[in-house]
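Q: Protein chains in written order, with the numbering used here: chain V, 48 to 469; chain G, 48 to 469. Where is the CB? At the ideal position from N, CA and C, for every residue including glycine.
(1) Check distances from the C-beta atoms of the segment 264-279 of chain G to those of chain V and list, in chain order, the residues that come in under 9 Å.
(2) How long is the line joining the alpha carbons of residue 306(V) and residue 50(G), rounded to whole angstroms?
(3) Given this structure, state the Cα-to-Cα distance separating residue 96(G) from residue 261(G), to the nearest angstrom.
(4) Counting only the same chain and skipping the five closest in sequence on each side, list residues whose C-beta sits under 7 Å from that of residue 131(V).
(5) Which word fits residue 463(V), buried or exposed, when buried means at least 16 other C-beta atoms lie within 10 angstroms of its C-beta?
(6) If I'm right that residue 282(V) touches residue 367(V) with Cβ under 8 Å, what's the distance once you round it to whole angstroms?
(7) Can residue 292(V) and residue 418(V) be called in contact, C-beta distance under 8 Å?
(8) Helix, strand or coil, according to DSSP, for residue 206(G) in the structure here?
(9) Quick check: what's the CA-CA separation for residue 79(V) versus residue 160(V)?
(10) Of all the alpha helix (DSSP H) runs that stay within the bounds of the segment 241-296 of chain G, which reach a length of 4 or more residues?
(11) From residue 341(V) to residue 243(V), what does the alpha carbon distance come to, in whole angstroms?
(12) Comparing the C-beta of residue 318(V) with each C-beta of chain G, is any distance below 8 Å?
(13) Is it buried or exposed for residue 254(V), if we count other Cβ within 10 angstroms and need 16 for buried?
(14) Classify residue 48(V) as buried or exposed, calling it buried when 16 or more other Cβ atoms lie within 10 Å of its own Cβ.
(15) Check whether chain V comes within 8 Å of residue 469(G), counting only Cβ atoms and requiring the distance to be less than that.
(16) In the DSSP assignment, what are the bridge partners of residue 197(G)?
(17) Extract the residue ranges of the beta strand (DSSP E) inside the segment 308-356 of chain G, only unbroken runs of 3 or more that lie entirely within it.
(18) Just the Cα atoms here: how many angstroms apart are residue 230(G) and residue 197(G)?
(19) Only counting the same chain, and skipping five residues up and downstream in sequence, which positions put a Cβ closer than 7 Å to that of residue 206(G)?
(20) Which residues of chain V have a Cβ atom closer than 9 Å to the Cβ of residue 409(G), listed in chain order?
(21) If you run the structure through DSSP and keep just helix, strand and coil, what is residue 391(G)?
(22) Less than 8 Å separating the beta-carbons of residue 442(V) and residue 53(G)?
(23) Since residue 434(G) contacts residue 448(G) with CB under 8 Å, what's their CB separation in whole angstroms?
(24) Please state whether the Cβ-Cβ distance between residue 495(G) and residue 370(G) is less than 8 Å.
(25) Quick one: residues in its chain with C-beta nearer than 8 Å to the C-beta of residue 456(G), no 5 flanking neighbours on either side, listed in chain order?
(26) Between 345(G), 317(G), 210(G), 311(G), which lies nearest to residue 329(G) when the distance is taken from Cα to Cα?
(27) In chain order, what residues of the same chain lie with their CB nearer than 8 Å to the CB of residue 70(V), ignoring the 5 residues before and after it?
(28) Please report the distance separating the alpha-carbon of residue 66(G) from that of residue 374(V).
(29) When we look at the beta-carbon of residue 143(V) and count the other beta-carbons within 10 Å, is it buried (16 or more) or exposed?
(30) Report the rounded CA-to-CA distance for residue 408(V) versus residue 451(G), giving the unit in angstroms.
(31) Alpha carbon to alpha carbon, what distance is there between residue 405(G) and residue 171(V)?
(32) Tell me, please, whether the CB atom of residue 364(V) is closer than 8 Å to any CB atom in chain G?
(33) What alpha helix (DSSP H) runs, 4 residues minimum, are completely inside the segment 125-166 of chain G?
(34) Let's see if you can read the secondary structure: which residues bound the alpha helix (DSSP H) around residue 39(V)?
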């Protein structure tokens, strides 16, 4: 059975590789056309998708999935329209492939260009939300990559139904049907095969899901991984902050949505303004249903504050809970972020440009924000159209990963009979 | 003993991490100054370096190292001057850190910049040539990265002596002494510890050496690897080639230096011009001491041609041996390269611009050359000043890796109190 699965996956890998070669040479127009067909097909197959989704939801309820999980899983006409229009937005974006990043000539007359090209075959492993099937497929196709998708078992039928729509659209397009493939089984060993690279047919793995998924992928993958780890984000209110602005930003950074990776988990406040700022800030947070955990000094500002443990400062709550810590100065704030942060998104609120500049330079996170909410950590807000995730690794791509980041490059060298001297 | 080594390495990792934080904030001037001091110190400690090198050479002879290995290992005043002036060239290059790659503003007034920053701590594992100790250290420092170097046991004393010069230079500079560290033991288990990432203190491993080293690194590393694999390069003579130019380019691509990764291993020739081109080409190659292996058709053109096996087309000879294969057309040449090549460097020789353009687009190698020798595959020839290797991976960096490729980026977001709408 597992051998059988392995063989099936090898065929998937081989046809992905063949599709990747064709996609790498496909015109921007052909790719946009295929994406538009996918959007149309998802709309016209919405009944079948909703029926499949109902089956997943029923199974989910039987398995006692949490309300939050069920909500992430659930589709309706609005959400399907959202999926289709997101694909149209990706279709409308500039094509990153073939873009000349740089051109130059050497003194010997040899000329060089550095050109963006697709990565090849991308393996995508994700959980719950079925829209990822369409989003990831569309972003990979836009950037000229073939992809092999492996969704979570809880969304198995929804993913299959969305994928069926994608396949019929591809069949009517100029692009290979196997440009976007979905592993058609919930067998867990399929993930292991995918992580091993399917006989060198997978160039990169992108995991998107909980900590345990990412950890498994990072430990087992034999191909490069573009991982989206946790977002342990900080908002730091500097001595020279506009305190009204600070309050508004902190409320948004923590509570706009608590379940997103760009939500702030820890508020750092300069000691010099703590007395002026914190009592009202904590009052407003508490009133809006946010639990506040703090160091001793913070506890003295409001009776509702619970003690924060060392572990709390390392915790991505993804819930209406915030840590507060009073720091001596800018450097202490940066040191805290460097020690406890996850290199995702961190913000300073200050009217002092020098402090903001130093914070920007010294905080080693993918996204460093000045006078704005950490919740802007999102490919759409960056103008990338859509994102496949937010990378917290340091190599290849950091921060929101859009179509343009799913590329690599090659050098084209143009000579006129140049030979290299001894 | 191994526990002891592990602890020693952990301390190296910790101080590298601390150095990386300081280097990330160091000014371009301080880095250039430190590099100049290193060059000076290497010149003034040349006697000590040569003495250490003599010890390595003596050990190497006792261990029956090949003449080629001994030559790679050997230093003299000229080579030491070469090392020092190469560091000066790196010092003189533009500083890549802080470079704004892109700036833009979103309609809501939030502004973004994408800025080049160092990767962090780079572990470098290499064999034989002691100049790599200086080159790699200098390139990492230029790009704001701390590095942990692990040279081959055969160059142990030479590497230590060069590293001593580097350390005295750093001590007199504004940068941390631990910016460039060398693992001070030949114990092989040190490599394993380094590959495991030394408690999350190593951000990337760069191996540079033979196939078995690269294979071990790729299978054991728990951190991202920027690998330089083999260069199985092709030169393809198209129907519309200028045949005199083709002959000159092929001679250079194969024989200028046979031991470099950019040397051509296989010559592809269009069937339509084989009769006109091959007899003289083979004659010239043979006369110049190059063994020619070919398919049956090629064998018919010259008595000296030996039969080429399937394995031969997969072999990086790094020697005066060349495979010749006659192909039907451009597409057949591209298919051959795609099947047998290593994605390093491949060239087409043709006067037909359409053919050249299609070759450039369809050949999926890091470097694709038109009408020039594959031996231009070299960071210096690209204008990168110096290279730490040539990456044959697809992610992060491809082709020659100079200081600018040893960086990653972060996004700086500038708001005026921006909060994200629901």
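A: Taking the geometry as given:
(1) 265, 266, 269, 271, 272, 273
(2) 42 Å
(3) 28 Å
(4) 86, 89, 90
(5) exposed
(6) That pair is no contact at about 15 Å.
(7) yes
(8) helix
(9) 26 Å
(10) 258-267
(11) 44 Å
(12) no
(13) buried
(14) At residue 48(V) the pLDDT is 48, less than 50, meaning the model places this residue with poor confidence and gives no usable figure here.
(15) yes
(16) 172(G)
(17) 311-317, 338-341
(18) 6 Å
(19) 177, 180, 198, 229
(20) 68, 71, 72
(21) coil
(22) no
(23) 6 Å
(24) In the structure as shown, chain G starts at 48 and stops at 469, and residue 495(G) therefore has no counterpart that could be examined.
(25) 148, 161, 162, 163, 164
(26) 345(G)
(27) 78, 165, 188, 191, 192, 193, 222, 223, 226
(28) 24 Å
(29) buried
(30) 18 Å
(31) 30 Å
(32) no
(33) none
(34) Residue numbering for chain V in the displayed model covers 48 to 469; residue 39(V) lies beyond these limits and cannot be assessed.
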